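J.: In our numbering, the protein residues as written are 5 to 1091.
#1: State whether the stretch 426–438 contacts the stretch 250–261, with contact taken as three or more CB pairs (one from each stretch) at a distance under 8 Å.
#2: I'd like to know whether the C-beta atoms of residue 1118 and residue 852 end up nearer to each other than 8 Å.
#3: Taking C-alpha atoms, which residue in 17, 39, 639 lies nearest to residue 29?
#4: Roughly how many whole angstroms lie between the Cα atoms of residue 846 and residue 857?
#5: Return helix, strand or coil for residue 10, following the three-state DSSP convention.
#6: Distance check for residue 137 and residue 1094, CA to CA, integer angstroms please.
#7: Does the ligand NAD have even one heavy atom less than 7 Å from the beta-carbon of residue 188?
#8: Pair every Cβ in the stretch 41–53 with every Cβ in the stretch 82–90, then say whether three or more of these pairs are closer than 8 Å.
#9: Hey, how far is the Cα of residue 92 from the Cα of residue 31?
#10: From the DSSP output, in three-state form, read off residue 445 for me.
#11: From the DSSP output, which residues share a beta bridge with residue 359?
#12: Would you list, in sequence order, the uninterrupted alpha helix (DSSP H) runs of no fewer than 4 residues that lie entirely inside the stretch 636–682?
#13: Buried or exposed: residue 99, going by 16 or more other Cβ atoms within 10 Å of its Cβ?
#14: Give, in chain order, every unbroken run of the alpha helix (DSSP H) that is at least 4 residues long and sits entirely within the stretch 911–969.
#15: Kindly indicate which three-state DSSP category residue 87 falls into: helix, strand or coil?
#16: Is residue 427 closer than 8 Å to residue 241 when the C-beta atoms are compared?
#17: Select from 822, 246, 844 the residue whose C-alpha is nearest the C-alpha of residue 808.
#18: Let me check understanding here. Comparing Cα to Cα, which of 941, 640, 156 lies closest to residue 132?
#19: Excluding sequence positions up to five away, which residues of its chain have a Cβ less than 7 Å from the Cβ of residue 676?
#20: Pick helix, strand or coil for residue 197, following the three-state DSSP scheme.
#21: Can you tell me which of the three DSSP states residue 109 falls into?
#22: Using C-beta distances below 7 Å, list every residue in its chain close to residue 514, excluding the 5 sequence neighbours before and after it, in chain order.
#23: For residue 531, count the other beta carbons within 10 Å of its own beta carbon; 16 or more makes it buried, fewer makes it exposed. Which is it?
#24: Look at the alpha carbon of residue 71 and the alpha carbon of residue 129, and state the distance between them as a whole number of angstroms.
#25: Where do the ends of the alpha helix (DSSP H) carrying residue 560 lie?
#26: Go through its chain and collect everything with a Cβ distance to residue 957's Cβ below 7 Å, but skip five positions before and after it.
#27: DSSP three-state call for residue 1086: helix, strand or coil?
#28: What's the C-alpha gap between residue 570 and residue 686?
#29: Shortest alpha-carbon distance to residue 363 belongs to which of 298, 357, 286, 400?
#30: Quick one: grab the DSSP three-state call for residue 367.
#31: Inspect the beta-carbon positions of residue 158 and residue 173 and report whether they are closer than 8 Å.
#32: Quick check on residue 513: does DSSP put it in helix, strand or coil?
#33: So what's residue 78 in DSSP terms, helix, strand or just coil?
#34: Can you look up residue 430 in the DSSP assignment and give me helix, strand or coil?
#35: Straight-line CA distance for residue 1068 to residue 1074?
#36: Do residue 509 and residue 517 have their CB atoms nearer than 8 Å?
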């Protein structure tokens, strides 16, 4: 690797690897030029040219070589009789005049040599700039093309051709003022220096620039076959009303959605409205729908190359999931959608982006559209949004974006209408085509085209090419598609071949792929490429319009299309292309096996992007592809993965139906075991415990002994969860315990995590909560070793449930919140596992975080209803009922207690009956007949939950019954570590003692309540402040006024400082005055 770089063009200098520069004096620069440009230059000849008047030129040369070494730290030139560049010295790329500013008239030989070298160098640089311009323009990189043209003009300021290239490129970039400024400078220079005017071609191009009214999409300039104005008309005719509507909406802070059918000019209007340094612009493209965040990644492309200072680590990690070519490391947690929204929002803010333009929503992927909806719905920072789509082709995500923003009154929908005759005449006149008069031709054009601008322009193009306009006629084809097909037929065979490759390759088309597909080099394709640009078939590397691509695609015979699709797939696969598009090429190319592999890779990407529905769809496509290839085992595995994705998405009926179908189509016992295990898991997650046990037992009967495989372990873990929910925790323990030794002997940390996590949950249900917490620690350690961040988060959530059952609600909510953060479900306004959200919301409701709990619960209810998860729907309802009662809104609780789903477990039925009784008591209505007795009967069938249900029923029992029940329940609750239930029991005992006129017993019970509060516990299934209120009354009745005052102060403080700040504003009054406990507490504190 060179350590020094010699630069001879511009200021002659030597640059070290660390960036240090040594500027060369006149003779040193000339010596380096002689040797670098003519390696092996004679030493004696060089000395004579450089020091022609010296008596000892060789000595001067030796001293110069020594100075090189002193100045640069190493030799620059080397050699005895003939000189060459020393080792480690490289000649830099030419840029600017050779030895700029240096004069050698004192040495005739050297001056003559340098003049010849300078002329050759200038010619080489000019040709290089022309080549760079042509290459950049052919690749669609107008920025680089303009830069090359500008350098060419600067190098030869008198060149009219160079100035004309600048003007042409400014036109294509929509920069009319800049193009005319070039023209004005050229005209002044020619007049001053030569007394002449620019050529006619240059003046005509200036006239076109003057007619142009605004910026437009970059489009290469066509050669002479069609007027340049037809590529992009200089004016946007007939759109003043739409433009004004957009500007009004932006002033009002609303996003804008342009809607219109193909060809009405949505993209042109977008380009005309967009502009500025702080704008991002992109469009959805065919093939995006199967690749989550593909459109977003393209939108953010200009920002990927810039440094984003100020973004924290989590935000950078989120953006890394969608950056071009990003492949997260194995074990990396899935993308958190809410965090991605925050990361994109922050990225836009860091770069000062104030305008976002997104075209062709009908092609965009759903993930991008959902994120765009979230960003556009935000109020800060204010950004201008400009979107466009074809309404008839709007996908569900685009429709949801439209509907959601309209509902929020954040969107203005602007519908584009066809052009009328006046607008059509204006458009035709602006084209300035000889022989065409707008007023004369507009009526016929509008009748012929329906006022569709694309159809109108295609009609004019065809009419110019076939001569019909010159004959005073319009081309005959009656549709824009037919016009485009006729125009394509006029192409040469090489150009048509290239167009067909581009149509089949789609968004992945590029000149390198064309080389591979056609077998021709880029130089050989230059002619066909230029022809397609001139015929306005291609713009850069994309079609001028989707309808042109469709027409080119229809022209390819199916057998040829298959071969080209396969060639595209092979070329793209070697370059790590987006797997969803790659899969489509393999499928169309008749290679379903490789299509299945690509669909699977695309599904894995969707999983990492937390796009579960897209993941499920891609696995289904993989299964179909494998089936077509006769790969039945691979097909089955893809269907299993689809079921898993559907389960994680929403636990819906579709997942259950496909899970059952999986078992029916299994061909081997191994597949039947896998299918039944998946079904048991899904039924368990849905809360259908009886069905889960039935299926799990069938799966266990098929599974081999644990010494021969992992399936019995997995099935047993699913079974244990359902058994615990059915109150059969002893059976769950007996099922799991024999598997421990085998599990701990395996190297599989994920399997060890699964078993220890399920063992911990079962211990919790069995009342062995301290052991359960220790078991969760072992499971979490296994998860960390396996790099399973999400799973560790879920274990924290499960541990929170165990703590909650022990009455440690504050610890539980902290642990649950941490768990959601780890598992990636803590952000996103509805993203993440619904059950996890319910766990946290329930703990939040118990600890007075009412606003966040209410928002989550009201989101979850319809979600569980849609998915058909009746158990979870009812569980959510019951938590919400208690929350409404705490907020002093009993009326809102009433409908939630009606129409319970079928097949609820006994304890959940008992929960509903007791809440009905609590509501009736609060409303001072008679208790529902037999409700409490029925609840107690149901509680008897569940030894784990039964004691808590019996404690809750004591609220509706007379004092003697409470005292008798307490004697039986207290030892049970202590033994099972249900300290929250034990607190509730003591509260009811204190109330009973007060009612019986026994203040001493009441105070003793109250002391137990306060001691448990001090131990970090809170009452289970009871409004927390009620415990302090009852303790205050009991202690006051016993004359223990200091303790009573402390209980009152603690209760009042919790209500006003802990809970009140988290009450939704609409319910503050009811919380303070219609919640009877709060009303009494605050009155006592005030009195």
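Using N, Cα and C, we set each Cβ at its ideal position, and we do this for glycine too.
Note that the coordinates shown come from a computational prediction; the quantities given were computed from them, not determined experimentally.
T.: From the atom records:
#1: no
#2: Within the shown structure, residues of the chain are numbered from 5 to 1091, placing residue 1118 beyond reach of any answer.
#3: 17
#4: 7 Å
#5: strand
#6: With the chain covering only 5 through 1091, there is no way to say anything about residue 1094.
#7: Among the components modelled here there is no ligand, and therefore nothing to report on the ligand NAD.
#8: yes
#9: 22 Å
#10: helix
#11: 283, 388
#12: 636–654, 657–669
#13: exposed
#14: 935–943, 950–957
#15: strand
#16: yes
#17: 844
#18: 156
#19: 667, 670, 706
#20: helix
#21: coil
#22: 545
#23: exposed
#24: 31 Å
#25: It is not in any alpha helix (DSSP H) - residue 560 carries neither H nor E in the DSSP assignment.
#26: 918, 936, 939, 940
#27: helix
#28: 39 Å
#29: 286
#30: coil
#31: no
#32: coil
#33: coil
#34: helix
#35: 11 Å
#36: yes
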